[in-house]
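In this note's numbering, the protein residues as written are 12 to 323.
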């Protein structure tokens, strides 16, 4: 079962707050479980105390400052050097939009939240997967095949099997160095692209799959797309799916605002994102009450826990 969440986004000047409930995934036991909670992300690029990005856990009344620091590089390097180098992206160059029709051949429309929207099919999307594996040893290839078999059979290996039994944490020996190139510098500069490769022979595989999606466009949504794309760029570290959504929104969309987008993010996984509600805050007819400054500050009774969100 794939997760879902509702993001509540508040913006006041240069300050941003995002409330969410989906924290991450727990890998304890044989079957991972999605972790839920009550979390807020505070962003203030004008802060002078080093707290420009903060995650708060309202249940435990703690917060963690997000800093640009190096995590456990040895574990990350080990993971990168023992698995395929993979890149999955959606090519939006050849896409085009076809307006959906109702049974009576009228333009199909529906309400997303309180906004009337017209439905368009996204045609010509390509899900492109690129892999390289010349850096893997025979042992790595064997472990990766076993891991793929686990997922194909619907069984997930426990932590004991995966890390303590078959893949202990120790220093991995390097592969034998590639043969010395038979070119000098002047020959290398004159060589063609095909003959100028140095190092190991690349073992790469590219595949693409045509996929479809839908987008609901509304002219009633009161916010411009540029503002939302700027917010997406800030939230991408929390949810990498927003990168694919932002790339799609940068394409030439039909008229209106995309209040709902359904598109694939992997070969077998479809993501759906919708904008259900929006309110201006402050003075004016129909405006919500102004946002208080306290919404964008850490409560006084919260204490710092630098290890609360270990995946940061």
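In this text, a Cβ means the ideal position worked out from N, Cα and C, and glycines have one as well.
These numbers were taken from a predicted model, which means no experiment stands behind them.
| Check | Outcome |
| --- | --- |
| Would you identify the three-state DSSP class for residue 28, choosing helix, strand or coil? | strand |
| Decide if residue 238 is buried, meaning its Cβ has at least 16 other Cβ atoms within 10 Å, or exposed. | exposed |
| Is the beta carbon of residue 75 sitting closer than 9 Å to the one on residue 88? | no |
| On the DSSP letters alone, give me the boundaries of the alpha helix (DSSP H) that residue 196 sits inside. | 196-201 |
| Can you list, in chain order, the residues of its chain with a C-beta nearer than 7 Å to that of residue 289? Leave out the 5 residues immediately preceding and following it. | 232, 233, 234 |
| For the alpha helix (DSSP H) containing residue 243, list its first residue and its last residue. | 236-246 |
| DSSP beta-bridge partners for residue 275? | 281 |
| According to the Cβ coordinates, are residue 63 and residue 319 closer than 9 Å? | no |
| If we ignore side chains and look at the alpha-carbon of each, how far apart do residue 210 and residue 92 end up? | 16 Å |
| Starting from residue 64 and walking both ways along the beta strand (DSSP E), at which residues does that stretch end? | 64-68 |
| From the DSSP output, in three-state form, read off residue 172 for me. | Summary for residue 172: the model assigns pLDDT 43, below 50, so the residue's position carries little reliability, and this model does not support an answer. |
| The beta strand (DSSP E) that contains residue 45, what's its start and end? | 44-55 |
| Going by C-alpha distance, which of 58, 57, 59, 77 is nearest residue 316? | 77 |
| Judging by CA-CA distance, which residue of 229, 49, 149 is the nearest neighbour of residue 123? | 229 |
| For residue 217, write down the residues that DSSP places opposite it in a beta bridge. | 141 |
| Under a three-way DSSP split, which group does residue 159 fall into? | helix |
| Alpha carbon to alpha carbon, what distance is there between residue 131 and residue 112? | 9 Å |
| Quick one: what does DSSP say residue 111 is sitting in, helix, strand or coil? | coil |
| In this structure, how does DSSP classify residue 87 when only helix, strand and coil are distinguished? | helix |
| Given a threshold of 16 other Cβ atoms within 10 Å of its Cβ, counted over all protein chains shown, does residue 300 qualify as buried or as exposed? | exposed |
| Taking DSSP as the reference, what is the three-state secondary structure of residue 205? | coil |
| Can you tell me which residues form a DSSP beta bridge with residue 61? | Residue 61 is not bridged to any residue. |
| Could you give the residue range of the beta strand (DSSP E) that holds residue 20? | 19-23 |
| Would you check if the stretch 97-115 and the stretch 125-142 touch, i.e. whether three or more CB-CB distances between them fall below 8 Å? | yes |
| Looking only at its chain, what residues have a beta carbon closer than 8 Å to the beta carbon of residue 214, apart from the 5 residues adjacent to it on each side? | 143, 144, 145 |
| From what residue to what residue does the beta strand (DSSP E) around residue 100 run? | 96-102 |
| Using 8 Å as the threshold, is the stretch 42-51 in touch with the stretch 268-279, meaning 3 or more CB pairs across them? | no |
| Quick one: give me the first and last residue of the beta strand (DSSP E) that residue 120 is part of. | 120-123 |
| From this set, 24, 23, 17, which residue's C-alpha is nearest residue 324's C-alpha? | Since the displayed the chain opens at 12 and closes at 323, residue 324 lies outside it and no answer follows. |
| Can you tell me which residues form a DSSP beta bridge with residue 254? | In DSSP, residue 254 forms no bridge with anything. |
| Take residue 105 and list the residues in its own chain whose beta-carbon comes closer than 6 Å to its own, dropping the five residues that flank it on each side. | 135 |
| So residue 75 is in the beta strand (DSSP E); what residue range does that whole segment cover? | 73-76 |
| Using only the heavy atoms of the ligand COA, determine whether one of them is closer than 8 Å to the beta carbon of residue 214. | This structure lacks the ligand COA, and indeed carries no ligand of any kind. |
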